[in-house]
Structure formats: C-alpha cells, structure tokens
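2 protein chains.
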Amino acid sequence: MELSERKLKILQAIISDYIRTAEPVGSRTLSKKEGLDYSPATIRNEMADLEEMGYLTHPHTSAGRVPSDKAYRLYVNELMDKPELTQNEKAIIANRLRDTTVDFEKTIEHAASILSEITNLTSFAMTPKKTEDVIKYINLLSVDEETVVLMIVSESGKVSNKAVKMSVPYTEESLELLSKTMTYNYKGKTVSQALTNNIIANFETDVVAMSGMAEDVMPNFMKTLEDMLNVNLYMEGLSNIFDIPEYSDISKAKSFIEMLTQKDEITKKLIERDDGITVTIGDENEDSNLQDCSLITASYSVDGKLVGKIGVIGPTRMKYSKITSIIEYLTENLTDTFKLESGETADESSEDADENGPENQGEEINE
Amino acid sequence: MELSERKLKILQAIISDYIRTAEPVGSRTLSKKEGLDYSPATIRNEMADLEEMGYLTHPHTSAGRVPSDKAYRLYVNELMDKPELTQNEKAIIANRLRDTTVDFEKTIEHAASILSEITNLTSFAMTPKKTEDVIKYINLLSVDEETVVLMIVSESGKVSNKAVKMSVPYTEESLELLSKTMTYNYKGKTVSQALTNNIIANFETDVVAMSGMAEDVMPNFMKTLEDMLNVNLYMEGLSNIFDIPEYSDISKAKSFIEMLTQKDEITKKLIERDDGITVTIGDENEDSNLQDCSLITASYSVDGKLVGKIGVIGPTRMKYSKITSIIEYLTENLTDTFKLESGETADESSEDADENGPENQGEEINE
DNA sequence: AGTTAGCACTCCACGGTGGCGAGTGCTAAC
DNA sequence: GTTAGCACTCGCCACCGTGGAGTGCTAACT
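Those protein sequence lines, which keep their order, are chains A and B. Sequential numbering of the first sequence, starting at 1, is according to my numbering. Sequential numbering of the second sequence, starting at 368, is according to my numbering.
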C-alpha cells in the first residue's frame, strides 16, 4: 500500500498531537483539525490502514492511536520541518555558553547543563577522545630533591602533568637532557602512537647514561599518556527522565537510572555513534533499557580534529524538530568556541557575558 | 517517665526488627523473640508508653509500631553495638581500595563506588577542600612563541597548570625571572591567602620591567588558584535510593534525585558537617527532601591536613552499626593511603593488588 | 468509489463494597 | 504486675458496575 498525501497528513497530525499531549489520538480530535476536513469515520479508515502498515499502534481497542517507532523515523527523516531558532533563542544559548569562566572541561559540563535546562530532558556531554592529539612538548621540572614534575603539552593546548618521585639523584642538566630526548623522540606522535610504540624498551637502549632516571619517569609518562586518553562524561537533568510516563514504574526507573549512571558503558556507546547529528528512536537502540527512549546526539570538534559528543535522551515522544535545532546550534557554537580560542585560554568574555542583560539568563525556550 | 530496662529491650528489638524487615513490628512478633518472654498484652502496654514518650509511631491504629527518629537517635548513641569488621571484610575493602591504578581523584571516586556497593546505598565522596594547601613552587615554561604554561605545585603534591597565550614577546630569561619572582612572593602562602592578597595589584608595582607579561599571566594565575580550590564530588549508586520505600512515589523520587544531583548544594552541606563520623537522622536534616533519610559521613585526610568527606545516604531504617563500621574502616584506609604515598605517586601497588586472590573482589558484606 | 452517519461493541478508569487479616486498646481475671 | 479475651479499627484486595472514549462495521449517501 502506498502512503497517500492524505495518509501522510493524518500521520503527521497524530505524531505532533501525541508529542504535545502524550495522549493517544482519536479520530474525532483529528477531524476537527485544520486541513483535515473529513469525518471521523473516514479518518478511522485511514488510521486502520496506517496501523496495518506499521505506523500506528493501539494501546487497546477503545483507545486512540499512538505513533510507532517507524512513524517517528518517517517523521524525522521526511515529515518534520526543522525550524531555524529565533534570534532570541540563539542569544540565550550563546550567552549562557559564553558565561563560563573556567576551563575546557567546565565548558563542556556547562554545555550539557544548558542543553538539559532548555530541553527539559536528560543531557550528556563527552569530552573529546584524544587519541589523535599530537604531542608537542615534554618537560621535566625539578620540585625538590626527590620530586620532579613531568609535563606533556599537546598540539591542542592540553597540558597534562604528574609528580614523579625519583629514586635516584638527578641534576638540573640531566633532567633537561632527558626532557629534550623525550621531546625529540615523541614530538609529533599522537598519544596513541606513543603508547603503542613500547616506549620504555626503546628508551633503555637509547640513553643508557640515565637509565635510572628513565626508569622512574617512563612508567609515569605512560600513565600520563593513558590519562590523556580518558574521556569524561557529564550528565545533567537526570531527574527529567521521570517525566517519561514509561518510567513511572519504579523498577523500570531504577534499572534505567542504573544504566545511565554506568558512565563507561554510555561513553563507549557515544563514541561508537556517528559524528554529526544522529537520531535513534526507540527500538533502534540496542540496549533494552533504551527501547522506550530516543537519543539525539551531535558532535563538536576541538581544534578541527578531536571530536566530542553531546546529546539528549528522552521519550520517543520528544520534540525532535526543536531539539535537533537546539543541539545543532549548540554544537556549532561549541566548535566555534574551541576553534577561536585554540586551547585553554577561553575566558576573556567572562566580564561582558551579560551584555544582553541578565534578564535573558533565566528564560526558557519553549515549543 | 523513665526508660526501664525492659522498655529499652523492647525498643531495641523493634528497631532492629524494623531495620531488617521494613515492616511495622507487632506485639505478637516481639513476644516470640528471645529474651522477651512476656505476653503480647504486656508488650502492648510497654509499647503504648514508648509511643507516648515519642520513641514509636503508629502508621495507623491496626498496624505495628515503627521507630521514630528519636528512637534511632537513642539507638545510635547508646543502644547499638558497633561491631568490629571481620578480617575478611576488611580485606575486601582494603583490596578493592588498593586496586586503583590511577590518580588521587580516581581513588576517591573508587572509594565512593566501593562504599556504595558494599552498603547497597547511595554514596558520595568529596575531594579535600584545598584552601589550606601551601604553594611550593611556581613555574612558567615556554611552549611556542606565544604560548607559555603556568604551573603551580603545592606542598600536598598537587600540580595545577594552565596554558597562557602571551600578548607580548618574551624571552626565556624574562620567563624565568617572572617565575622566580612569583615563587618568591607566594611560596609558603596557602592558596586562599594568595587569593585574598590582591595579587595583581601587588605585582604591577613590584616589577615594572615585565608588567606586560605579568598582565597576561596574573589573571591566569588567579584562575588557576581558584581552580585549585574547587572541590569535586563523586556520587555512586544513585539508583539504590529506589529501595527506600518512601521513594516508591515517583514525584518524591524525582525531587529527591533532583536534590542529589545538585552537586554544589551537596558539597556545601558536606563541608559544613563536622569532621569525624557524623550521623544525622531523618528530621535532624534541615533539607525537607532528606527528612526520610539518614546521612552518615566521615572525613579522611590527605597529608595530615586537607580534609575530604565520604559518606552514604539511605533510609532512616539503615544498618547504622554495620555501616558506621564500614565507613570508619574505609576512611582510616584512605587516610593511610594518602599519608604513605605523599602525593600523586600512589600506584606501585597496582601489580600485586590481587594478592589475596581475585575471588574476593565480587563479594559482598552482609548483615 | 469514496465518504459519511449510525450503532453495537470493547475496554479502561474510577468509585463503591465487603471480606480478610493484622494488630491494637481495654477490661477483667489471675 | 501480668495476661487472656474480645471488640474494634484500618489497610489491603478483589470484585463489581457504571460511564466515557473510541473503535470497527455496515449501510446509506453523493
């Protein structure tokens, strides 16, 4: 059976009505809609067809129709119109995003919380996976007789460090030599390359003279590199999931929250997802705990390379169009921020962040 | 009215029964208990007295008795016996705690998750408030023509850094001079002292020759110091709160989770709490969302000075005795860890962490 | 052939009812 | 002071019965 013009219209009406009200939609309600000037009976016939085709379901005989995941998929792919955000809405997002005084991590966390507040959904944001980050600079710095600080600076401007207890005496000169040798050996390599290259072995043969120092430093070097690969996940608005009617059942809510709080799992899944805006709806999600939810994620980039993810999780019955627009705009903004400022010095704007007046801060973007 | 020996016995029996079963306790049940060889009627009389004195309540006429917060308080203060953990239980905690390969932050997070798993409650752990941390060392390091890295090392071994974009040209020598001057000025001061001293103003007058560089560096210095004051809060086992019968009501559960996920608020409250083991029961908590819960917190220290907190939140009906012992042991262990290793190099044990065999890892401490 | 009115039917939601069980409070006897 | 006995209270639960919303089908209409 083909999806006639009229069927599409009806389907769209059902979907948007259901998204708005969370109530099954009946034929009478629909027939009163603008642009659907048919009797309830006619609409019922069409709905029966749509149900047969898998676009609608029926909680029980005498209830209205509810869109299926298949219907949402059609809606997202073809039916919905993605509205441009208004200037005002954009200003709210941009202002709040700029209103971060601290570092990169905090900005990401902040972005998640903005997203959650605006959408009234649970949001999350993942810092970039830094596998491809390139080592720029390695330095060892004397702190006291037995402590040095190992410091790794990467092309993306990230600085990682670790205090190292030295078991052998050292001089400023030997420290500098070791720093230079390490920089020479690893500069230009990505973090993951450096890690796979079996660093320690290489070193022992290369620079026998200071093998004692290297023995102290290298394990810490590896650990710091590993640390640099770590991805942080921030989650905000967790309690919003209680607005999903499916989770008014406590045991379901519990297992859902259990799943969401397993950051490692979530992170893995986020990494696997495609870059760009990605929507998965209901049973398109593998995880059984997610089958009543939809996920919208998008990626932002840092320095044009490293890719982080941000997104929301909510009921399949969510405002796909609006939310997609919001996330799109938010990630564009993030990417811009991290291009412009090239690294950590992203905070001159803290003084004039409220130039559009503080009255914008608390507003909410609706509909 | 006095609390006779017999009343205390009955009260204790009710409390421990109720903690175990979560069901109101009736007179018949009690009279069958070891050591309470009175008829139900006698016990009923005593219970009526206890209720009048405020130690028991009554969900409704024909239900058994339930301990009041006042009763729990009495129990915690006087009635309960704090059992020493068995060697096996201690080994489980110690082993799992040692099984952290990474840094300080991760260890704290790990401790929270251990605590949550063992107690089946929601746990949290706060990293120390570093107000009292003493600045040991400040360094500026050239990365490229326009970027330097500012690094602050503290007595407790914590290293903080920040990449700084320089708006004026600089030489290695001027960098070193600035580092030395800063170190000279701030070494020995605590982070909070340094912050209150109006650093920037001081500097402009002192070292006119490099005021351009200082103008770039000082704001970042302040921000980094502020950053050092940040306290991180980790929370684990959030979903365990659904086991509290009070929160089988969705709207209550929602507002509860809302409260718990406001990290700033929670952090503030944790900081305010006394050091050492502290138990607050039900309505002893100011927050209205916490009035059905009890909180047990304890403090651990790092380097003998900085104090962090760790604790659990659960139903007033929790196993106070067991949980107190667990938290006590855990914090002792944490304090030891951070004394021994003095700083960041806390990970040699990663290889032999499972010396007692991996079969211990999954076990749970019951009763 | 497509559309519509009419009607019987289905099923949920909701409020009331009655029996059961657990546990109490009181009284009177031990 | 302790206990047995008994009436009473209340929550829980299962069981209606009714009302409303919405459907599917059929037959009539355009």
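Even for Gly, the Cβ is constructed at its ideal location relative to N, Cα and C.
Mind listing the chain A neighbours of residue i? Cutoff is C-beta to C-beta under 8 Å, in chain order.
i: LYS399 (chain B); result: The contacting residues do not exist; LYS399 (chain B) stays about 33 Å from chain A at best.
i: SER461 (chain B); result: Ser is not the amino acid found at residue 461 (chain B); the sequence shown has Ala there. Here the premise fails: no neighbours, minimum Cβ distance about 22 Å.
i: VAL558 (chain B); result: In chain order: nothing, as chain A lies at least about 16 Å away.
i: VAL520 (chain B); result: VAL143, VAL149 and ALA163
Going by beta-carbon coordinates alone, are residue i and residue j separated by less than 8 Å?
i: ASN240 (chain A); j: MET259 (chain A); result: no
i: THR86 (chain A); j: ILE108 (chain A); result: no
i: LEU423 (chain B); j: ARG411 (chain B); result: no
i: MET549 (chain B); j: ILE505 (chain B); result: yes
i: GLY282 (chain A); j: TYR72 (chain A); result: yes
i: VAL168 (chain A); j: MET213 (chain A); result: yes
i: LEU403 (chain B); j: LEU378 (chain B); result: no
i: LYS339 (chain A); j: GLY308 (chain A); result: no
i: VAL679 (chain B); j: SER490 (chain B); result: yes
i: THR147 (chain A); j: VAL159 (chain A); result: no
i: LEU334 (chain A); j: SER156 (chain A); result: no
i: ILE617 (chain B); j: SER248 (chain A); result: yes
i: ALA492 (chain B); j: ILE693 (chain B); result: no
i: THR316 (chain A); j: CYS293 (chain A); result: yes
i: THR131 (chain A); j: THR196 (chain A); result: no
i: GLU284 (chain A); j: ALA112 (chain A); result: no
Cβ closer than 9 Å: which chain A residues qualify as neighbours of residue i?
i: MET585 (chain B); result: Going along chain A, no residue has its Cβ under 9 Å from MET585 (chain B), so there is no contact; the nearest lies around 13 Å.
i: LYS503 (chain B); result: VAL143 and ASP144
By DSSP, does residue i sit in helix, in strand, or in coil?
i: VAL168 (chain A); result: coil
i: ILE118 (chain A); result: helix
i: THR683 (chain B); result: coil
i: LEU306 (chain A); result: strand
i: ILE377 (chain B); result: helix
i: TYR385 (chain B); result: helix
i: MET53 (chain A); result: coil
i: ALA298 (chain A); result: strand
i: THR337 (chain A); result: helix
i: GLU46 (chain A); result: helix
i: THR628 (chain B); result: coil
i: VAL598 (chain B); result: coil
i: THR190 (chain A); result: strand
i: LEU452 (chain B); result: coil
i: SER406 (chain B); result: coil
i: GLU653 (chain B); result: coil
i: GLY276 (chain A); result: coil
i: ILE611 (chain B); result: coil
i: LYS129 (chain A); result: coil
i: SER156 (chain A); result: coil
i: MET589 (chain B); result: helix
Strictly below 7 Å CB to CB, what residues from chain A border residue i?
i: ALA430 (chain B); result: Simply none; closest approach about 22 Å.
i: LYS621 (chain B); result: SER239 and PHE242
i: ILE624 (chain B); result: LEU238 and SER239
Can you list the residues of chain B that residue i reaches, using a CB-CB cut of under 9 Å?
i: THR261 (chain A); result: MET602, GLU603, GLY604, LEU605 and SER606
i: PHE338 (chain A); result: Correct list: empty, because the minimum Cβ distance to chain B is about 13 Å.
i: SER248 (chain A); result: ILE617
To which residues does DSSP link residue i through a beta bridge?
i: ASP144 (chain A); result: A:THR147
i: VAL66 (chain A); result: A:THR57
i: ASN139 (chain A); result: A:MET151
i: ASN161 (chain A); result: A:MET151
i: ILE281 (chain A); result: A:SER294
i: PHE491 (chain B); result: B:MET602 and B:GLY678
i: VAL368 (chain A); result: Here chain A comprises residues numbered 1 to 367, so residue 368 (chain A) is not present and cannot be evaluated.
i: VAL501 (chain B); result: B:THR557
i: VAL25 (chain A); result: A:ARG65
Residue i touches chain B at which residues, Cβ-Cβ below 8 Å?
i: VAL312 (chain A); result: None at all; the shortest Cβ gap to chain B is about 16 Å.
Return yes when the C-beta of residue i is under 7 Å from any heavy atom of the ligand HEM, and no when it is not.
i: TYR601 (chain B); result: Of the ligands one can find in the structure shown there are none, so the ligand HEM has no counterpart to examine.
Starting from the beta carbon of residue i, find every residue of chain B whose beta carbon is closer than 7 Å, and list them in chain order.
i: ASN139 (chain A); result: LEU508
i: SER288 (chain A); result: By Cβ distance, chain B contributes nothing, its closest Cβ being about 16 Å from SER288 (chain A), past 7 Å.
i: SER116 (chain A); result: Result: empty, since nearest Cβ-Cβ is about 10 Å, beyond 7 Å.
Q.
Tell me whether the segment 241-254 of chain A and the segment 270-277 of chain A touch, counting them as touching only if at least three CB pairs, one residue from each stretch, are closer than 8 Å.
A. no
Q. If we count Cβ pairs, one from each stretch, closer than 8 Å, do we get three or more for the segment 494-503 of chain B versus the segment 512-521 of chain B?
A. yes
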